[in-house]
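So the sequence shown is numbered by my numbering: it starts at 19 and just counts up by one. We treat Cβ as the ideally placed atom computed from N, Cα and C, and that holds for glycine.
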Amino acid sequence: MNSKGLDFKHKEVINITDGKRMGFVQDVTADLETGRILSIIVPGNTKMMNFIFSFNDSIVIPWEKIECIGDDVILVKI
């Protein structure tokens with residue numbers, strides 16, 4: 019999965035474990051030395067915080083949890 023951070027903006031994130039729509043990518047975090055994307059960030063819902071950590075009401079999803087990146091959606095397994 020070779021993608022740039024800007025490619026993720028406006029893609030919807032769907033959890034394939036339960037089929038829930040998590041929201042749209044708000045931001046990404048990256049390792050500045052390697053240029054590798056470390057995680058994607060979607061707006062949070064405090065009821066959903068039991069599986070991934072939150073930062074200022076956002077959900078941070080580690081890169082390892084991304085299963086597939088399509089043209090319009092990102093499928094994650096959490």
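Review point. For the candidate residues Asp89, Gln44, Lys38 and Asp49, whose alpha-carbon lies nearest to that of Asp75?
Key: For the residues Asp89, Gln44, Lys38 and Asp49, the minimum Cα distance to Asp75 belongs to Gln44.
Review point. With 16 other CB atoms within 10 Å as the buried threshold, where does Ile59 fall?
Key: Looking at its Cβ environment, which holds 16 or more other Cβ atoms inside 10 Å, Ile59 is buried.
**Study point:** According to DSSP, residues forming a beta bridge with Arg39
**Key:** Note: Arg39 sits in a beta bridge opposite Ile32.
Exercise for review: Return the bridge partner residues of Thr47 from the DSSP annotation.
Suggested key: Partner(s): Ser57.
Exercise for review: Per DSSP, which residues does Ile87 bridge with? Please list them.
Suggested key: Answer is Ile92, bridged to Ile87.
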